[in-house]
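Residue numbers (the working numbering), protein chains in the order written: chain A, -11 to 369; chain B, -11 to 369.
The beta-carbon is built from N, C-alpha and C at its ideal position, and this holds for glycine as well.
Presented below is the structure to which this report refers.
2 protein chains.
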Amino acid sequence: MAETRGVALLGSTGSIGTSALRVLARQRDRFRPVALTAHGRHELLAAQVAEWAPAYAGLVQGGDDLPAGWHRGPACLVEAALRPDVDIVLNAVVGAAGLPATLAALEAGKRVALANKETLVVGGDLVTAAARTHGGTLVPVDSEHSAILQCLAGRQPHEVRRLLLTASGGPFRTWASDRIASATVADALRHPTWQMGSKITIDSATLANKALEVIEAHHLFGIPYDRIDVVVHPQSVIHSYVEFVDGSVLAQLGAPSMELPILFALTWPDRVPDDGVAPFDPVALGSLTFEPVRHDAFPMLGMGIAAGRGGGAAPAVYNAANEAAVALFLQGAIPFGAMPALVAGALDRFGGAAGGTLEALWAVDAAARAHVHAQAGRLKG
Amino acid sequence: MAETRGVALLGSTGSIGTSALRVLARQRDRFRPVALTAHGRHELLAAQVAEWAPAYAGLVQGGDDLPAGWHRGPACLVEAALRPDVDIVLNAVVGAAGLPATLAALEAGKRVALANKETLVVGGDLVTAAARTHGGTLVPVDSEHSAILQCLAGRQPHEVRRLLLTASGGPFRTWASDRIASATVADALRHPTWQMGSKITIDSATLANKALEVIEAHHLFGIPYDRIDVVVHPQSVIHSYVEFVDGSVLAQLGAPSMELPILFALTWPDRVPDDGVAPFDPVALGSLTFEPVRHDAFPMLGMGIAAGRGGGAAPAVYNAANEAAVALFLQGAIPFGAMPALVAGALDRFGGAAGGTLEALWAVDAAARAHVHAQAGRLKG
Chain A
-11 MAETRGVALL GSTGSIGTSA LRVLARQRDR FRPVALTAHG RHELLAAQVA EWAPAYAGLV
49 QGGDDLPAGW HRGPACLVEA ALRPDVDIVL NAVVGAAGLP ATLAALEAGK RVALANKETL
109 VVGGDLVTAA ARTHGGTLVP VDSEHSAILQ CLAGRQPHEV RRLLLTASGG PFRTWASDRI
169 ASATVADALR HPTWQMGSKI TIDSATLANK ALEVIEAHHL FGIPYDRIDV VVHPQSVIHS
229 YVEFVDGSVL AQLGAPSMEL PILFALTWPD RVPDDGVAPF DPVALGSLTF EPVRHDAFPM
289 LGMGIAAGRG GGAAPAVYNA ANEAAVALFL QGAIPFGAMP ALVAGALDRF GGAAGGTLEA
349 LWAVDAAARA HVHAQAGRLK G
Chain B
-11 MAETRGVALL GSTGSIGTSA LRVLARQRDR FRPVALTAHG RHELLAAQVA EWAPAYAGLV
49 QGGDDLPAGW HRGPACLVEA ALRPDVDIVL NAVVGAAGLP ATLAALEAGK RVALANKETL
109 VVGGDLVTAA ARTHGGTLVP VDSEHSAILQ CLAGRQPHEV RRLLLTASGG PFRTWASDRI
169 ASATVADALR HPTWQMGSKI TIDSATLANK ALEVIEAHHL FGIPYDRIDV VVHPQSVIHS
229 YVEFVDGSVL AQLGAPSMEL PILFALTWPD RVPDDGVAPF DPVALGSLTF EPVRHDAFPM
289 LGMGIAAGRG GGAAPAVYNA ANEAAVALFL QGAIPFGAMP ALVAGALDRF GGAAGGTLEA
349 LWAVDAAARA HVHAQAGRLK G
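Printed below as a string of structure tokens:
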């Protein structure tokens, strides 16, 4: 048996983090979590630390009387990622805050298993350049991108005609546009097929999530935007597919569980035996269907893809404005239907800025968030 | 541009052969047909020869006043395969008669694009040994096996949990068993999704075709029989899939056209641009469904898989008895429902014989056919 590989699990108390620990519990011969970090849920982190005894524990925010030896503050993410006993950084941080740890790990030549899609949306060019320059490896944990990675299996970009990201369509897939506009938080959190954190669940309801995934796919696989499409597939069984230049289509299928993409990101390009995912039973699936995206009802999708195409700071602005708008919606401060206009307003104002450096990106990120808050305040007033 | 590769097309006037010529017409920069052989349709062969001007033309049977320079008789298959200007032998001969050409081509270190599944059913051990020993390459043209080859993409057998061959279920998928027993030739030739030759269409109606494919998959991919399953998928969109040891499933999808597997068998492991297959439009598909196989209604499937597991001469007996029974059914000599008992009778009588050599296989092949004819005569009398 080869030596186990050390994993830093950033965001260990979230949906991806807890799924990852279930995977690691089945794969103790191959991997060991040597660093766990959480955002603020220190009680769950304490339970995980008690169970796994990692060499490093970090909490980004809060927790006044932390256990001795725990590290505190946002710097713990990069600190955990850079530990010499860490071979793989599983980045499951929510939002653009995950970017510095991704960059640091790639610059140190490590593998980053990336569940933090904002990393690539905000800093796609910087991140792919870091991986190229320093030999780090970026492997997606999103189910859609894991599907595409598995279907590509080392093929070259010129052999790809189109990448197709499937979308469940979210809870409002069949709702009329005016009803969507006044959807409640409870409505929006009722995702039909996936159990996920609240930010990503709202993004799935607006389809902003799918825009972030298109941008992520562009950076991960080096495929131009005009060869990446989205199709609605309500059953979430086909996790995405690739159409090749000869007309052949390869798809990856499975239950809506993140444990498989997590495991694959750790073991890629190999596969290892694992029984965490129920055996695939197509007869039990019922029928699989596909629908076109209703772009009129879900303007966040087209807006996000346009921001990706625009490049520069536009994707970072889209992402920051969306994060701010989603947070306001979750707080009950704005209606569901206000989000697209708030994000569009931020893009109008800052979308033309240059990207180039991390500093420039943080500046537009902050400006876009402030702009959304100001505009939202005006909505209420 | 690299030099074009010479193709011998054995069975050029059949369904696969004419599809192959459409593919070759689009891929003139890469491939050229240097040898065409047909079974008996000499007028169509003459038209193909006039269009393509191959260096070699052969007719297996009939045609009293053939054009000057045409070769005649069963030996033309091996002769065409062994020509030095032939790099790839596309073997689309119907039935066990295709075996010698496959063996000869593999022994000469060539690529065999194999649409003749009986080659592997009858002589699987001999054929795979010939490929291993002499460096020939065997690439499937069946849509199911092409799908699996594409999904495997060079992965190792130990990474595979199961191969799943999809079956349309044929025209009698929903028929009661007693109605199936008295189905007419016209009923059986009415395949719901695929346009194919008559022998394979009848095999699709009995599901004997799927048994032959299971045996073929076992030999092509080196996967034990207990890890190869069949599931009914009436829409024939998912051409087959692979479940890996980590629980992930990769599937190949597309329209029911043989042009894609033909092209892939020529270009594998590369893919080349081709617009012969309509772009994949999942929204137009309607819904995709799966059903278990009704083994009680389609006994030929289980019987064939058991013959494969049995090994030795059993698969050859199954294949020969099935060929004889299908021919008798197509002639109107026996009812549809008589075929399973005739094949079972031949297996009971000869299935325990040793395989080992081509001579032994031909002997049981002939004995099984004779047995079926004798038993069928008794049915009528």
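In angstroms with no decimal places, state the Cα-to-Cα distance between residue i and residue j.
| i | j | result |
| --- | --- | --- |
| residue -11 of chain B | residue 259 of chain B | Any reading at residue -11 of chain B must be qualified, since the residue scores a pLDDT of 48, below 50, and its modelled position is unreliable; the value itself is stated next. Whole-angstrom Cα-Cα distance: 16 Å. |
| residue 174 of chain B | residue 145 of chain A | 47 Å |
| residue 49 of chain B | residue 153 of chain B | 34 Å |
| residue 43 of chain B | residue 98 of chain B | 18 Å |
| residue 141 of chain A | residue 141 of chain B | 7 Å |
| residue 110 of chain A | residue 197 of chain A | 14 Å |
| residue 113 of chain B | residue 270 of chain A | 32 Å |
| residue 13 of chain A | residue 307 of chain B | 49 Å |
| residue 221 of chain A | residue 157 of chain B | 25 Å |
| residue 122 of chain B | residue 90 of chain B | 13 Å |
| residue 317 of chain A | residue 119 of chain A | 35 Å |
| residue 338 of chain A | residue 301 of chain A | 8 Å |
| residue 305 of chain B | residue 282 of chain B | 24 Å |
| residue 245 of chain B | residue 9 of chain B | 14 Å |
| residue 36 of chain B | residue 207 of chain A | 48 Å |
| residue 202 of chain A | residue 147 of chain B | 30 Å |
| residue 60 of chain B | residue 86 of chain B | 16 Å |
Looking at the secondary structure, which residues open and close the alpha helix (DSSP H) in which residue i lies?
| i | result |
| --- | --- |
| residue -7 of chain B | Looking at the DSSP string, residue -7 of chain B is not in any alpha helix (DSSP H); the run it does join, the beta strand (DSSP E), is -7 to -2. |
| residue 160 of chain B | Neither: residue 160 of chain B is in no alpha helix (DSSP H) and is coded neither H nor E. |
| residue 213 of chain B | Looking at the DSSP string, residue 213 of chain B is not in any alpha helix (DSSP H), and its letter there is neither H nor E. |
| residue 297 of chain A | 287 to 298 |
| residue 304 of chain A | 302 to 318 |
Residues in its own chain within less than 8 Å of residue i by CB, not counting five upstream and five downstream?
| i | result |
| --- | --- |
| residue 273 of chain B | 223, 225 |
| residue 284 of chain A | 165 |
Leaving out five residues on either side along the sequence, give the residues of the same chain with a beta carbon under 6 Å from the beta carbon of residue i.
| i | result |
| --- | --- |
| residue 239 of chain B | 226, 229 |
| residue -1 of chain B | 5, 80, 81 |
| residue 376 of chain B | For chain B, the structure presents residues -11 to 369; residue 376 of chain B sits outside this window and is missing. |
| residue 28 of chain B | 49, 50 |
| residue 40 of chain A | 21 |
| residue 255 of chain A | none |
| residue 215 of chain B | 150 |
| residue 181 of chain A | 156, 224, 244 |
| residue 1 of chain A | 26, 29, 32, 33 |
| residue 135 of chain B | 227, 228, 240 |
| residue 249 of chain A | 129, 131, 134 |
| residue 251 of chain A | 11, 262 |
How far does the beta strand (DSSP E) with residue i in it extend, from its first residue to its last?
| i | result |
| --- | --- |
| residue 113 of chain B | Where residue 113 of chain B is concerned, there is no enclosing beta strand (DSSP E), although the alpha helix (DSSP H) it sits in stretches over 106 to 122. |
| residue 217 of chain B | 216 to 220 |
| residue 128 of chain A | 125 to 128 |
| residue 27 of chain B | No beta strand (DSSP E) holds residue 27 of chain B; DSSP gives it neither H nor E. |
| residue 279 of chain B | First-last for residue 279 of chain B: undefined, no H or E at that position. |
| residue 154 of chain A | 148 to 155 |
| residue 227 of chain B | 226 to 232 |
| residue 240 of chain B | 237 to 241 |
Show which residues of chain B have a CB atom less than 8 Å away from the CB atom of residue i.
| i | result |
| --- | --- |
| residue 242 of chain A | 235, 236, 237 |
| residue 280 of chain A | 271 |
| residue 15 of chain A | The premise fails here: residue 15 of chain A is roughly 10 Å from chain B at the closest Cβ pair, so nothing lies under 8 Å. |
Would you mind telling me which residues of chain A sit closer than 9 Å to residue i, beta carbon to beta carbon, in chain order?
| i | result |
| --- | --- |
| residue 219 of chain B | 270, 271 |
Whose Cβ in chain B lies nearer than 7 Å to the Cβ of residue i?
| i | result |
| --- | --- |
| residue 141 of chain A | 141 |
| residue 363 of chain A | Residues of chain B passing the Cβ test: none, with the nearest at roughly 36 Å. |
| residue 147 of chain A | 259 |
List, in chain order, every chain B residue whose beta-carbon is nearer than 9 Å to that of residue i.
| i | result |
| --- | --- |
| residue 248 of chain A | 234, 235, 236 |
Between residue i and the rest of its own chain, which residues show a CB-CB distance below 7 Å, the 5 nearest in sequence each way excluded?
| i | result |
| --- | --- |
| residue 210 of chain B | 145 |
| residue 177 of chain B | 186, 189 |
| residue 73 of chain B | -6, 22, 43 |
| residue 332 of chain A | 291 |
| residue 217 of chain A | 150, 152 |
| residue 34 of chain A | 55 |
Does any C-beta atom of chain D lie closer than 8 Å to the C-beta of residue i?
| i | result |
| --- | --- |
| residue 222 of chain A | In summary, chain D is missing from the structure at hand, where the protein chains are A and B. |
So which residues on chain A does residue i lean against when the C-beta distance must stay under 8 Å?
| i | result |
| --- | --- |
| residue 138 of chain B | 236, 238 |
| residue 231 of chain B | 267, 268 |
Open item on the list: Counting only Cβ-Cβ distances shorter than 9 Å, please list the residues of the segment 252 to 276 of chain B near chain A, keeping chain order.
Closed with: Per Cβ criterion, the list reads 252, 255, 258, 259, 260, 261, 262, 263, 264, 265, 266, 267, 268, 269, 270, 271, 272, 273, 274, 275, 276.
Task: chain B contacts from the segment 46 to 57 of chain A (Cβ-Cβ distance under 9 Å) - done: Residues of the segment 46 to 57 of chain A with a Cβ closer than 9 Å to any Cβ of chain B: none.
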